[in-house]
Amino acid sequence: MRIYSCFPERITEMQHWNPTLVTNVDLHHMQLETFHVGTLVNLQVLNLSDNAITSIEKSGLEQCVRLRSLNLSKNRLARERCLPVLPYDMC
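Using our numbering, the letters of the sequence shown correspond one by one to residues 29 to 119.
See below:
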């Protein structure tokens with residue numbers, strides 16, 4: 029299952045939501061300040077570019093062990109705040 033730019037009206041249409049089926053999420057340019065993806069355990073691609081995210085702590089990224097592409101460009105992150113969360117340096 030792929031979710032691209034999930035808008036609230038589309039989410040309410042999903043009757044049988046199964047977060048373990050989600051592999052790709054694109055939420056770029058959505059004015060996000062925070063996010064949580066811990067239930068998306070099969071997530072492989074996550075695009076959060078061009079938002080207002082200041083921290084990835086408590087975001088659930090450590091649960092996304094299959095994540096192979098993470099785009100956090102054009103956010104307000106401090107590089108040193110990424111290191112404790114990610115198992116390897118993706119920032």
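Quick reminder that beta carbons are idealized off the backbone N, C-alpha and C, glycines included.
Going by DSSP, V53 is part of the beta strand (DSSP E) stretching over N52 to D54. For L89, the secondary structure class from DSSP, reduced to helix, strand or coil, is helix. With fewer than 16 other beta carbons inside 10 angstroms of its own, L49 counts as exposed. By the CB criterion at 7 Å, T82 and R96 fall outside the cutoff. Less than 7 Å separates the beta-carbon of L55 from that of L76.
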